[in-house]
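Just so we're aligned, residue 0 is where the sequence shown starts under numbering that gives the first Met the number 0, counting upward by one. Note that beta-carbon positions come from the ideal geometry of N, C-alpha and C, so glycine has one too. Taking it in order: structure first as structure tokens, then the write-up.
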Amino acid sequence: MSKDCDFCNLAGTARWLYILPEDRPVVGLANDAGEAIIFDDDGRWHACLGCAPLVDREDIPGLLQRAERHMANAFPEMFGPAADDTWKTISAARYAAVMAPGTRKQRI
């Protein structure tokens with residue numbers, strides 16, 4: 000069974016797997032009250048044929064544009080002129096973690 004792309008969210012399109020090192024960066028979001036949400040994952044990111052070259056080039060703006068293009072219709076409140084930049088900020092940090100030294104890429 001094919002996996003979805005963890006970057007653009009296209010169903011069943013993943014062809015590459017990025018395996019992050021154990022000491023990978025952890026991304027979180029905190030408010031002024033000190034409450035936090037941690038966006039930790041299993042360190043395994045699946046990528047489609049469209050997103051993998053962007054990951055390899057460390058093209059975070061390109062990944063954000065591609066993700067927005069494929070997800071905007073399903074999640075209009077997260078994208079477009081009325082949306083704030085929270086999703087882009089969190090996603091950019093998570094994508095950067097995939098590009099950290101020690102990440103391995105393998106074909107699936």
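Quick one: is residue i buried, meaning 16 or more other Cβ sit within 10 Å of its Cβ, or exposed?
i      : result
ARG65  : buried
ARG106 : exposed
VAL25  : exposed
ILE36  : exposed
ARG93  : buried
ALA96  : buried
Excluding five sequence neighbours on each side, which residues of the same chain lie with their C-beta closer than 6 Å to the C-beta of residue i?
i     : result
LEU48 : ARG14
Output the boundary residues of the beta strand (DSSP E) element that contains residue i.
i      : result
ILE37  : 35-37
LYS104 : 103-106
LYS66  : The question names Lys, yet the displayed sequence has Ala at residue 66. Here ALA66 belongs to no beta strand (DSSP E); instead the alpha helix (DSSP H) covers 59-70.
Residue i: which of the options sits nearest, CA to CA?
i     : options                     : result
ALA99 : THR12, ASP31, TYR17, PHE74  : TYR17
SER90 : PRO75, GLY101, GLY61, ALA73 : GLY61
To which residues of the same chain is residue i closer than 7 Å at the C-beta, ignoring the five residues directly before and after it?
i    : result
LEU9 : ASP3, CYS47, HIS69
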